[in-house]
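Note that my numbering has the sequence shown beginning at 212, numbered continuously upward.
Glycine included, each C-beta is placed from N, C-alpha and C at the ideal position.
First up is the structure itself, then whatever we jot down about it.
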Amino acid sequence: VDGETFPSTFGTGSEDYFGYAWCDPSLFQNAYHNQTRNDNNNNSDHISVNRWQVTENIPFQKSFDGYMEKYFINDRPTLYASTVYWYLAPGGVDPYTPVPLNDRLNWYVRPVVKKKPGILEGETLKVLSKTGGSAEIQRLGERFSDEAHLWWIGAKPGDTITLALPVAKKANYNISFGLTKAIDYGIVQWSLDGVKLGEPIDLYNDGVIPFGPVDFGVVKLDKGEHKLTATIVGANEKAVKNYMVGLDYVSLKVAK
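Now the structure itself:
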């Protein structure tokens, strides 16, 4: 406030400031604070929150500088907006005219996530078939590519899932995967167009972590859609037997 060297007002973080400790993704509307948007029902995507600070005004004469903590470190910036209320003296004229609706729409453009060449996000791959379980997108935070993975759950040993793998041009490719390990993940065998890629991979770990890149060497691929299949073959003896599989990304780089 007014150029002070140390803030006279500070707190613990955005979730407390907006009145919903621990970042509950549920939408709410109250008299002085609201959460009107929470993409994907989690707290690592776009969120719109506001607070009407009329009951705790911070007077200033020359300048006001505010900073709000953003929990996740990623490529999405924090966007600030403020509304100033002022009062006219009797007989005054308001110089601001109403803003048309079209000028108040489509202001938010989702930031473009920086992607490395040749990276195909697992959660964007089309599911062609599966013999068991369900496949969904799970948000996992900044340790994972684009902060999410394809999460195959509810399957059992012997079940398969087949994904469409698009290839832009005919070439020899170095192929590698980014996978997920956790306490209840299984052992999985990958294959491409019916040909096995390496040996079965044990995805057990006591805690959720990204795993990779897992290198499968060089494969010759024609332009077009290929079939990437995962087969559950078991689980580590220490694992909780839920046999989950997580595919973070597929990397296809033209071999030199």
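Less than 7 Å between the C-beta atoms of A375 and L339, yes or no?
Contact flag set, yes.
Y454 - partner residues in DSSP beta bridges
Paired residue(s): none; Y454 is not in a bridge.
Would you kindly check if the distance between the Cβ of N453 and the Cβ of D395 is under 7 Å?
In this structure, N453 lies closer than 7 Å to D395 by Cβ.
Quickly, what does DSSP pair Y396 with across the bridge? List them, please.
In the DSSP output, where bridge partners are listed per residue, Y396 has M455.
Can you tell which of A382, Y296, K367 and I364 has the C-alpha that lies nearest to the C-alpha of Q264?
Y296
Let me know if L299 comes out buried or exposed under the rule of 16 or more other beta-carbons within 10 Å of its beta-carbon.
Classification of L299: exposed, given that the 10 Å Cβ count is below 16.
When DSSP labels each residue in this structure, what does S237 get in the three-state scheme?
coil
Can you check which of these residues, V419, V406 and A446, is closest to H437 by C-alpha distance?
The residue from V419, V406 and A446 with its alpha-carbon nearest to that of H437 is V406.
Evaluate Y291 with the Cβ neighbour count: other Cβ atoms within 10 Å of its Cβ, from every protein chain shown; 16 or more gives buried, anything less gives exposed.
exposed
Extent of the continuous alpha helix (DSSP H) to which S225 belongs:
S225 to Y228
Hey, quick one: how far does the beta strand (DSSP E) through D413 stretch, first residue to last?
Bounds of the beta strand (DSSP E) holding D413 are V406 to D413.
Using C-beta distances below 6 Å, list every residue in its chain close to T247, excluding the 5 sequence neighbours before and after it, in chain order.
S259
For E332, count neighbouring C-beta atoms within 10 Å of its own C-beta (all shown protein chains included) and say buried if the count is 16 or more, exposed if not.
buried
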